[in-house]
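Peer 1:
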Amino acid sequence: MPLCTKRKFFLLLVYVLLCISLLIGYVYYLRVFRAYPLHEALPKLPVVSSPREATKNHTRTAGSTQAPSSNVLTPPPNSDPNAYLTIQSYRYIINEPDKCKDQSPFFIFLITTIAKDVGHREAIRNSWANKQTGDKYGVSVIHLFMLGFEKEADSSLILKESETHHDIIQKDFQDSYRNLTYKTIMGMEWISTYCPQAKYAMKTDSDMFVNTDYLLELLQPKLPPRQNFMTGFHMRDPVPHRSTDSKWYVSFSEYPDERYPDFCSGTGYVFSADLAPKIFRSSSKVRFLYLEDVFVAVCLANEGVKVTAPPAGTLFNIHRVPFSPCGYNNLITSHFIAPNEIQSYWSQLQERKGVCSRSFYNL
-19 MPLCTKRKFF LLLVYVLLCI SLLIGYVYYL RVFRAYPLHE ALPKLPVVSS PREATKNHTR
41 TAGSTQAPSS NVLTPPPNSD PNAYLTIQSY RYIINEPDKC KDQSPFFIFL ITTIAKDVGH
101 REAIRNSWAN KQTGDKYGVS VIHLFMLGFE KEADSSLILK ESETHHDIIQ KDFQDSYRNL
161 TYKTIMGMEW ISTYCPQAKY AMKTDSDMFV NTDYLLELLQ PKLPPRQNFM TGFHMRDPVP
221 HRSTDSKWYV SFSEYPDERY PDFCSGTGYV FSADLAPKIF RSSSKVRFLY LEDVFVAVCL
281 ANEGVKVTAP PAGTLFNIHR VPFSPCGYNN LITSHFIAPN EIQSYWSQLQ ERKGVCSRSF
341 YNL
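Numbering (this note's numbering), first residue to last: -19 to 343.
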């Protein structure tokens, strides 16, 4: 074989091997890296007002060719420090638009939860959020559990739970820790849209114990409701965490100021319901923060409103308070409480109510 022919053959062989290598690499990329996309598309979800309608229409089958929701495909605002939250661009999967149709609630609980926290939700329904608590004071108290969408969760179970209790609202944003702000603003939007006649509300979490009896007494239902009012565990002169190792890390590009406005811990803050539309309005005007309690305070500052320190530092607690009936008789919140404890503590509190003394303050 002539030398030039050998050279051509060798070059052709190298070219073929290179093409095969590139093909193998591309197949590997498709199989491995595409299995873990940075922004995973979620299935398109119907807008649902009634759980029965949801059960009828919301079906997910293998190999579905439904187009993904354009809302969900949008990268979350925390990926762009200059982004702004527009919760109204996300659609309700489950809604309760008629919950306040025939009543003017004195108090609304907005409770953040995730799909698997069934035990906490049931315990709360049977204890501090039950309807009888408000009846004792001649007022209407309602509660809503707030969820985002979890791809791994069995949506049919959530729909069935909603159909049974009518106390769940859910939108099609991804449910995650960094999207807690979405849940809170969804609650503010809901009050603004469907229950503007409410007097007070509380945003809290599903692993909290709330002494609703004491809270209602301190709010004094017979008095005119306060305006521009928010209180809870008061975070005074808070400084952003700049260490990347911190759970609450916030970069300078996300929040350039040296201090946050004073805020109330998201574990449980009480507010006059007139603040809901103000927070909702400002939520699309101020820079997004994944720290929902800080974000709410920034929205309030944008509206010229400051949070109020509680009259006693022991009322709102961000940690678990060791249980005793008389001790819990004089607090509003305690954190990290298991479902069985929520119901047990509530029952003991009702049994010992006449025995334990209680301090009275003006919230």
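Positions of the beta carbon are idealized from the N, C-alpha and C atoms, including for glycine.
Quick one: residues in its chain with C-beta nearer than 6 Å to the C-beta of V230, no 5 flanking neighbours on either side, listed in chain order?
Peer 2: Same-chain partners within the cutoff: P220.
Peer 1: Please determine, among E130, H315, I74 and K179, the residue with the shortest C-alpha to C-alpha distance to K140.
Peer 2: Comparing Cα positions, the closest option is I74.
Peer 1: Only counting the same chain, and skipping five residues up and downstream in sequence, which positions put a Cβ closer than 7 Å to that of E331?
Peer 2: There are no such residues.
Peer 1: Should the stretch 109 to 118 be called in touch with the stretch 193 to 203, which here means at least 3 C-beta pairs below 8 Å?
Peer 2: The stretch 109 to 118 is in contact with the stretch 193 to 203.
Peer 1: By DSSP, does K116 sit in helix, in strand, or in coil?
Peer 2: It is coil, neither helix nor strand.
Peer 1: Give a yes or no on whether the C-beta atoms belonging to D155 and E130 are separated by under 7 Å.
Peer 2: Closer than 7 Å, so yes.
Peer 1: So what does DSSP say about F316, is it helix, strand or coil?
Peer 2: Three-state DSSP puts F316 in coil, outside helix and strand.
Peer 1: For M188, report the span of its alpha helix (DSSP H) as first-last.
Peer 2: No alpha helix (DSSP H) holds M188; DSSP gives it neither H nor E.
Peer 1: So the candidates are L203, W108 and H315; which of them puts its Cα closest to the Cα of T192?
Peer 2: The residue with the shortest Cα to Cα distance from T192 is W108.
Peer 1: Can you give me the Cβ contacts of A292 inside the same chain, cut-off strictly under 8 Å, excluding the 5 residues immediately before and after it?
Peer 2: Within the same chain, A292 has close Cβ partners S339 and Y341.
Peer 1: Can you tell me whether V98 is helix, strand or coil according to DSSP?
Peer 2: Of the three classes helix, strand and coil, the one that applies to V98 here is helix, per DSSP.
Peer 1: For V370, collect the residues of the same chain with a Cβ closer than 8 Å to its Cβ; drop the 5 residues on either side in sequence, then sort them by chain order.
Peer 2: Past the boundaries of the shown model lies residue 370; the chain is included only from -19 to 343, so the question cannot be answered.
Peer 1: Output yes or no for whether 7 Å exceeds the beta carbon distance between A253 and I171.
Peer 2: In this structure, I171 lies closer than 7 Å to A253 by Cβ.
Peer 1: Determine, using beta carbons only, whether R216 and D237 come nearer to each other than 7 Å.
Peer 2: In this structure, D237 does not lie closer than 7 Å to R216 by Cβ.
Peer 1: Starting from V250, trace the beta strand (DSSP E) both ways and give me its first and last residue.
Peer 2: Here the beta strand (DSSP E) through V250 covers F243 to S252.
Peer 1: Let me know the secondary structure DSSP gives Q352 once reduced to three states.
Peer 2: Residue 352 lies beyond the residue range present for the chain, which begins at -19 and ends at 343; the question has no answer from this structure.
Peer 1: Where does D155 fall in DSSP's three states?
Peer 2: D155 falls in the coil class under three-state DSSP.
Peer 1: Please state the DSSP three-state secondary structure of Q200.
Peer 2: It is coil, neither helix nor strand.
Peer 1: Can you list, in chain order, the stretches of the alpha helix (DSSP H) that have 4 or more residues and sit fully within the stretch 262 to 320?
Peer 2: The stretch 262 to 320 contains these whole alpha helix (DSSP H) runs: 272 to 282 and 305 to 308.
Peer 1: Between which two residues does the beta strand (DSSP E) containing I67 stretch?
Peer 2: Segment: none, I67 is in no beta strand (DSSP E) and carries neither H nor E.
Peer 1: How long is the line joining the alpha carbons of I317 and M188, rounded to whole angstroms?
Peer 2: Looking at the two C-alpha atoms, the distance is approximately 6 Å.
Peer 1: For L124, does the three-state DSSP call read helix, strand or coil?
Peer 2: L124 falls in the strand class under three-state DSSP.
Peer 1: Could you tell me how far apart the beta carbons of C80 and A178 are, in whole angstroms, since I believe they sit closer than 8 Å?
Peer 2: Going by Cβ atoms, the distance from C80 to A178 rounds to 7 Å, so yes, they are a contact pair.
Peer 1: Rounded to a whole number of angstroms, what is the C-alpha to C-alpha distance between Q112 and S120?
Peer 2: Distance between the alpha carbons of Q112 and S120 is about 9 Å.
Peer 1: Tell me whether S337 is buried or exposed, calling it buried when 16 or more other Cβ atoms sit within 10 Å of its Cβ.
Peer 2: When all chains shown are included, S337 counts as exposed.
Peer 1: Could you have a look at L139 and say whether DSSP puts it in helix, strand or coil?
Peer 2: Here L139 sits in helix by DSSP.
Peer 1: Give me, in chain order, the residues of the same chain whose beta-carbon lies closer than 6 Å to that of V335; leave out the 5 immediate sequence neighbours on both sides.
Peer 2: Excluding residues within five positions, none has a Cβ falling inside 6 Å.
Peer 1: Restricting to Cα atoms, I'd like to know which of G246, L271, F275 and G248 is closest to F260.
Peer 2: Answer by Cα proximity: F275.
Peer 1: Between the alpha carbons of N320 and F232, how many angstroms are there, rounded?
Peer 2: Approximately 42 Å, taken between the alpha carbons.
Peer 1: If you compare alpha carbons, which of Q323, Q200, T294 and L(-3) is closest to S186?
Peer 2: Here the closest residue by C-alpha is Q323.
Peer 1: Considering just the uninterrupted stretch of the beta strand (DSSP E) at L90, what are its terminal residues?
Peer 2: Per DSSP, L90 belongs to the beta strand (DSSP E) from F87 to T92.
Peer 1: Compare the beta carbon distance of G212 and Y249 with 7 Å and say whether it is the shorter of the two.
Peer 2: Yes, they are a contact pair.
Peer 1: Over the uninterrupted beta strand (DSSP E) stretch that includes G334, give me the two end residues.
Peer 2: No beta strand (DSSP E) contains G334, which DSSP labels as neither H nor E.
Peer 1: Measuring straight from C-alpha to C-alpha, what distance separates P128 and P204?
Peer 2: Reading off the sequence shown, one finds Gly at residue 128, where the question assumed Pro. About 35 Å.
Peer 1: Measuring only the C-alpha atoms, how far is S314 from H145?
Peer 2: Cα to Cα, the separation comes out at about 25 Å.
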